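My numbering applies: residue 2 is where the sequence shown begins, and numbers increase by one. Structure first, commentary second.
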Amino acid sequence: MAHKRIRKFNTRVTYPEQKLDNDLCQAVVARGTMVFVRGQVGQDLETSKSVAIGDPAGQTEKAMANIKMLLEESGAKLEHICKITIYIIDPRYREPVYRTVGKWLKGVHPVSTGIVVSALARPEWLVEVDATAVIPDL
2 MAHKRIRKFN TRVTYPEQKL DNDLCQAVVA RGTMVFVRGQ VGQDLETSKS VAIGDPAGQT
62 EKAMANIKML LEESGAKLEH ICKITIYIID PRYREPVYRT VGKWLKGVHP VSTGIVVSAL
122 ARPEWLVEVD ATAVIPDL
């Protein structure tokens, strides 16, 4: 069974005052094998070096690339993502971060929560994204 996405929407309509284009939904019904991806940041997973310092969109790009890689290593795909949580340290980063996430998840329609936090684990990190995916039963 494919995931059932409840009340799909695009942020262009929901937040017309912002330059966003994210395909989201209000709820997801999924059956299968769950994959929980730890919060990903602008860090190379092979070297542990931070990347795109000072660039929230660049750090988001790396976080999403990491999520894709980890999902693939787990036998999942981006389209299996049901829930993402986005943590940013400054509300002004919302648009560049969400635009980047929106490009990676175009057509997926996950449930999404965004949270502004005072800091992340390292001072150079501006954004963190975690994801929950469900590999559908065959």
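We put the CB at the ideal spot given by N, CA and C, even for glycine. Here the structure is a predicted model, which means the values were calculated and not measured.
Span of the alpha helix (DSSP H) around residue i
i	result
Glu-47	Run containing Glu-47: none; DSSP gives neither H nor E here.
Arg-13	12–15
Burial state of residue i, where buried means 16 or more other Cβ atoms lie within 10 Å
i	result
Pro-111	buried
Gly-103	buried
Pro-124	exposed
Val-98	buried
Gln-65	In the sequence as presented, Gln is not what sits at residue 65; that position holds Met. Under this definition Met-65 is a buried residue.
Beta strand (DSSP E) segment containing residue i, residue limits
i	result
Gly-55	No beta strand (DSSP E) holds Gly-55; DSSP gives it neither H nor E.
Pro-151	Limits of the chain in this structure are 2 at one end and 139 at the other, which puts residue 151 out of reach.
Val-118	Val-118 -> no beta strand (DSSP E), and no H or E assigned at all.
Arg-32	First-last for Arg-32: undefined, no H or E at that position.
Lys-9	Premise fails: Lys-9 is in no beta strand (DSSP E) and is neither H nor E.
Whole-angstrom C-beta distance between residue j and residue i, which should lie under 8 Å
i	j	result
Arg-13	Cys-26	Actually they are not in contact, since the Cβ atoms of Arg-13 and Cys-26 sit about 15 Å apart, beyond 8 Å.
- Query: Taking only runs of the beta strand (DSSP E) that begin and end inside the stretch 57–116, which ones reach a length of at least 3 residues, in chain order?
  - Reply: Here the runs fully enclosed are 82–89.
- Message: Counting beta carbon pairs with one atom in the stretch 17–26 and one in the stretch 39–48, are three or more of them shorter than 8 Å?
- Response: Segments in contact, no.
- Would you be able to state if there are at least three C-beta pairs under 8 Å between the stretch 77–88 and the stretch 114–122? Contact between the stretch 114–122 and the stretch 77–88 is present, because at least three Cβ pairs lie under 8 Å.
- Item | Segment contact, 8 Å Cβ cut-off, at least three pairs: the stretch 124–135 with the stretch 51–70 | With the cut-off at 8 Å, the stretch 124–135 and the stretch 51–70 touch.
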